[in-house]
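Heads up: the sequence shown is residues 29 to 194, going by my numbering. Shown next, in structure tokens, is the structure this report addresses.
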Amino acid sequence: MNTQQPNTLQIGVRELSSYLLTGSDSKAVLAAAGLPLPEAVLSAEERPGALVARTGRDEYMAMLAGTLPAPQGEWCFRRYDCVFELTGGNWIAFMAHLCQYDFRQLQRGNWLMTSVAGVNCWLYHEIESGSLLIGADPSYRHYLSEIFSAVLDDLSATRKTTGGAS
Numbered sequence: 029m030n031t032q033q034p035n036t037l038q039i040g041v042r043e044l045s046s047y048l049l050t051g052s053d054s055k056a057v058l059a060a061a062g063l064p065l066p067e068a069v070l071s072a073e074e075r076p077g078a079l080v081a082r083t084g085r086d087e088y089m090a091m092l093a094g095t096l097p098a099p100q101g102e103w104c105f106r107r108y109d110c111v112f113e114l115t116g117g118n119w120i121a122f123m124a125h126l127c128q129y130d131f132r133q134l135q136r137g138n139w140l141m142t143s144v145a146g147v148n149c150w151l152y153h154e155i156e157s158g159s160l161l162i163g164a165d166p167s168y169r170h171y172l173s174e175i176f177s178a179v180l181d182d183l184s185a186t187r188k189t190t191g192g193a194s
């Protein structure tokens, strides 16, 4: 599914350890772990190796690179999200085939929870890389991989000339 051509949309899987933190001490648990603390609900902050989203008043999701230790708290639960990464190319046009959200509005650093190809997902537009991360329940990994591949194939087919008069 990955290609190496510049300006070509590439879809990969990002290996992250995911955690759900809930309860009144979640802020303190994140702070003790040295992780970012987003202020507004449905917002996110990233640091090298860490992405933290605030999903409720006292609820956060933390996605960490393998080198960072897990936050330690009584109400910190491990998640096993499948995280896809869209890089290069025009992922906005690609996502228009999978989701009704107008991705032209999604700025770098924005967090979104929506349905992608009928699956509830979280999405994050990375600040530095500009990549789009799409997280979902791991039971949808195969389905989303197949859908993403089919849409890429369809988009590639529409860009190829098939001959005939021009």
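Even glycine gets a Cβ: it sits at the ideal position worked out from N, Cα and C.
Taking Ser159 as the centre and dropping the five residues before and after it, the same chain places the C-beta of Glu113, Leu114 and Thr115 closer than 7 Å to its C-beta, in chain order. Contact check for Leu63 against Ala81 fails: the beta carbons are separated by 8 Å or more.
In this structure Ser54 is buried. Its beta-carbon is surrounded by 16 or more other beta-carbon atoms within 10 angstroms. In the three-state scheme derived from DSSP, where H, G and I count as helix and E and B as strand, Arg75 is classed as strand.
Note that the stretch 115–128 touches the stretch 37–55; at least 3 beta-carbon pairs, one per stretch, sit closer than 8 Å. Sixteen is the threshold: when 16 or more other Cβ atoms of the shown chains lie within 10 Å of the Cβ of Ser46, as they do, the residue is buried. Taking 4 residues as the shortest admissible run, the stretch 64–152 contains the following complete alpha helix (DSSP H) segments, listed from N- to C-terminal end: 119–124. The residue among Leu126, His153 and Asp130 with its C-alpha nearest the C-alpha of Ser143 is Leu126. Around Gly77, the same chain offers Leu92, Ala93, Thr95 and Leu96 as residues with beta carbons nearer than 7 Å, after the five sequence neighbours per side are excluded.
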